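Notes for the one structure printed next.
Protein chains in written order, with full-length UniProt numbering: chain P, 1 to 389; chain G, 1 to 306.
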C-alpha cells in the first residue's frame, strides 16, 4: 500500500510539483513532477526523512530540504538528477524554510532564524552559526517579503506565542514592528499579491484567517473557518481537558447529551491562486476532509468548501491545478482539482491519468494504514499552561 | 533573579529534618494563611482600581486595618524560573489593550502618561521603590516572572501608598506585573515607548546550554532596542563577572547599542540607585562581593531601515 505524501509543494516559478513521502522507518523519497501530465522528472531517495522543502529556480535549479535530523541540504538539479551542493547541520529542530535572493532562510524550534548561502562553501560548525534574529518562543514559519516602493526586503516570522514579527533585511536586528491579533499559536503565514500590493495571510490555533497589510502593520480583516469546517470535525478536534480520566468520566455522566463539544482547530496549510477579481485562499484545517476556499478582495468571503474522500495531509497549488494528498488506504492518496472561473472543479481526466502516474511513482510502501507515519502535529503547538513558576 | 538566593534556599532545605517537620507544618500553614489574607487585601485594592468611580477614586481601607509592609519570609520562592515555559501568564494581545488602571491607582488613559521606565526581573522591588521618588512624573514598571515575588512587590506598593497617602510623594507612579519579558515585551510596549530599561542581578544561567535563557542575548537585544526610544538607556548590573562579560560582549556587538563611559556612569543618578538599592545589591555588599555595571545608549536606526 502506498504511503501518503507528507509534503506537496510548488516550485517558486510554478512549473514543478514537488512531492515527498516518508515512512516511519525513515525510508524517504522525493519526486519532481511536471504538473500537466504527471511526468516524473526526477525521483530520488533522500538519506533522511524530509521535514520541509522548497525549490528556488534561477539560472540554477536548486532544491533545499530541511530534514528531521536537523540538516539543511542544498541540491542542484542537473540532467534530471539532484546533486548535493552542501549540507549544513543546524543546532535545533527546524520549523520553516524560505529563500531570499540566493540564500536559504530557515527557522527553528528554539526561536532562531539563520541564513544559509546557496553555494558550495563548506558547512560551518553548528556552534559557530550566528542567527539573523530570534524570538524567545519556538518559531513556526519564516517568509521573505518584498516591499516595492522603495524596493526593500523584510523577514516575517511567526511563533507559538501569537507573535508575527516584521524585521528589516539585511539589517534584521532592526525590528520594524509586530502584527497583533492572534490569541493562539500562529502556525502558517503566507504572502500573496493583490493589485500589485503584497499581503500576508496568517492562520493558527483560533481556526481563523487573518489578512494583513504587513507593511503598514494593519489587520485588514479576519475570516472564521469554524462554521465551514464544523461538520468535518471529529474526536481528534475535541478540546483536550486537563482533568484526569476519572474526573472526565464523572463529568461525562453528568453531562446532558445535547451539549455541544468544544473543538480546537489549527490551520495546517495556506496557499493562494490569483483569480480574475481578487485572490483565492485555500486553507486546510488539520485533520479534516475538506479544504476551505476564501475569496479575498479587500474583504474575505467564503467561496467554496471542497469536500474530500479522506482527511487531507497536505496540498499544493501548481499552475492552475490543486493537488491534495489524502490520508487514505488502497492507494487513493492523491486527488487533483482544476481552477476554472473562480472554482476548483474535479479534474476527472487528471484524476485518472496524472494522479495515477504520480501515485505509481511513489516508491514508499507500507503494509497497511496503521503503518502510516503520524501526520497531525499542529495542535501540539497549543499551550496547555503549566502553572508552576 | 539572583545568583546567591539559590544557595539560601538550598541551605534552608537541608535544615529540614524529620524532627522539624511538625514545626514546618505549622510554618507552612501560617504562610498559607498569611498569603490568603494578603491576597484578599490585594484583590480589594485591584478591584477598586479597576473601576474607579468618582467616590472611589482614592480607595480607603476599612479603618480597623492598619497598613503594614508585607513580610518577605512569607513570599519565598525558588530563585530560578524557566523563561521558555508557558506559565499561564496574562498579557494583552497588543499594547493598547492593556488596562494600566489595574497597575497604577490614578491611571487614566486621558492623562496620556505611559510607562517609561521598566525594571526587568524586578525581584523584591528595591530598585523600583528608590527610583520612584527620583522620577515622580514617570510611570515605572517592574516585571517579575515569579508569582510570589510579584505578590510581595504588589503588597509592598499597596502598603507604601497607604502609609504615605498624606505625603507629597506616595508611590503612585510604581507598578508591578507578573510576566515573561523575554517573550511578551512587545505585548505591553509600543515601538520606542521606553526611555530606560534596568537589568539588575539577572539569573546567570551558568550552564553553557542554558545561555539562550539569559536575559541579554544578541537576538533579544533587538527586541529591547525596539521598545527603547532613540537615546534610551539599558542599565545592567551583576555580581557575576562572567555574566557581566557576556552582557558587555553582546551589547558591544549589537549595532543599535553603544556603551556609555565611566564618567557618564558616575554622574548618572540611576547608576547610583541601582548600585545601592536592590535587595541583591545589598546582599552582595554585605558579603563584600564585587558589582559590575555596564550602561548602553540606544542608537538611532540606520537610514535604510523601517
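Where is the CB? At the ideal position from N, CA and C, for every residue including glycine.
Model, not experiment: these values are computed from the prediction.
At what residues does the beta strand (DSSP E) containing residue 237 (chain G) begin and finish?
228-238
Can you tell me which of the three DSSP states residue 20 (chain P) falls into?
Residue 20 (chain P): strand per DSSP, three-state reduction.
Closer than 9 Å between beta carbons: that is the criterion. Which residues of the stretch 126-139 of chain P meet it against chain G?
Closer than 9 Å at the C-beta level to chain G, one finds these residues of the stretch 126-139 of chain P: 130, 131, 132, 133, 134, 135, 136, 137 and 138.
Using a Cβ-Cβ distance under 8 Å, would residue 112 (chain P) count as near chain G?
yes
Output needed in chain order: residues of the stretch 218-248 of chain G with a Cβ under 8 Å from some Cβ in chain P.
218, 219, 220, 221, 222, 223, 225 and 226
Inspect the beta-carbon positions of residue 105 (chain G) and residue 172 (chain G) and report whether they are closer than 8 Å.
In terms of Cβ geometry, residue 105 (chain G) and residue 172 (chain G) form a close pair [threshold 8 Å].
If you count every other CB in all the chains shown that lies within 10 Å of the CB of residue 157 (chain G), and 16 or more means buried, which is it?
buried
Are the beta-carbon atoms of residue 139 (chain G) and residue 116 (chain G) separated by less than 8 Å?
yes
Ignore the nearest five residues each way along the sequence and tell me which others in residue 301 (chain P)'s own chain have a CB closer than 6 Å to its CB.
295
Less than 8 Å between the beta carbons of residue 283 (chain P) and residue 7 (chain P), yes or no?
No, the Cβ-Cβ distance between residue 283 (chain P) and residue 7 (chain P) is not below 8 Å.
For residue 221 (chain P) and chain G, any beta-carbon pair shorter than 8 Å?
no
Can you give the Cα-Cα distance for residue 58 (chain G) and residue 232 (chain P), rounded to whole angstroms?
With a pLDDT of only 42 at residue 58 (chain G), under 50, the local geometry of the prediction cannot be trusted, and the value read off the model is given with reservation. Roughly 54 Å separates the two Cα atoms.
Measuring CB atoms only, is the stretch 189-199 of chain G touching the stretch 116-126 of chain G, in the sense that at least three cross pairs come out at less than 8 Å?
yes
Going by the beta-carbon positions, is the gap between residue 208 (chain P) and residue 223 (chain P) smaller than 8 Å?
yes
What's the C-alpha gap between residue 184 (chain G) and residue 97 (chain G)?
14 Å
Looking only at C-alpha atoms, which of P:2, P:112, P:104 and P:5 sits nearest to residue 118 (chain P)?
P:104
Going along chain P, which residues have a C-beta under 8 Å from residue 254 (chain G)?
For residue 254 (chain G), the C-beta contacts it makes with chain P under 8 Å involve 173, in order along the chain.
Taking the DSSP output, what are the residues bridged to residue 104 (chain P)?
P:99 and P:116
Within its chain, find whatever has a CB closer than 6 Å to the CB of residue 259 (chain G); leave out the 5 residues flanking it on each side and keep chain order.
Only 296 meet the Cβ criterion.
Out of P:157, P:320, P:225 and P:71, point me to the one whose CA is closest to residue 84 (chain P)'s CA.
P:71
With a 10 Å radius around its C-beta and 16 neighbouring C-beta atoms as the bar for buried, classify residue 227 (chain G) as buried or exposed.
buried
Beta-carbon separation of residue 336 (chain P) and residue 321 (chain P) under 8 Å?
yes
List the residues of chain G that residue 178 (chain P) touches, going by C-beta distances under 7 Å, in chain order.
186
Evaluate residue 264 (chain G) with the Cβ neighbour count: other Cβ atoms within 10 Å of its Cβ, from every protein chain shown; 16 or more gives buried, anything less gives exposed.
Burial call: exposed.
Looking at the C-beta of residue 341 (chain P), does it have a partner C-beta in chain G at a distance below 8 Å?
no
Counting only Cβ-Cβ distances shorter than 7 Å, please list the residues of the stretch 283-301 of chain G near chain P, keeping chain order.
Under the 7 Å Cβ criterion, the stretch 283-301 of chain G contributes 301.
Determine, using beta carbons only, whether residue 213 (chain P) comes closer than 8 Å to chain G.
no
CB residue 41 (chain P) to CB residue 63 (chain P), shorter than 8 Å?
no
On a CA-only basis, which of P:376, P:378, P:384 and P:359 is nearest residue 38 (chain P)? Give me that one, please.
P:359
Between the stretch 202-222 of chain G and the stretch 127-138 of chain P, are three or more C-beta pairs nearer than 8 Å?
Segments in contact, yes.
Within the continuous beta strand (DSSP E) that includes residue 84 (chain P), where are the two ends?
81-89
With H, G and I counted as helix, E and B as strand and the rest as coil, what does DSSP make of residue 374 (chain P)?
coil
Check residue 315 (chain P) in the structure and name its three-state DSSP category.
It is a strand residue.
When the Cα atoms are used, what is the spatial distance from residue 89 (chain G) to residue 68 (chain P)?
31 Å
Quick check on the burial criterion: 16 or more other C-beta atoms within 10 angstroms. Buried or exposed for residue 245 (chain G)?
exposed
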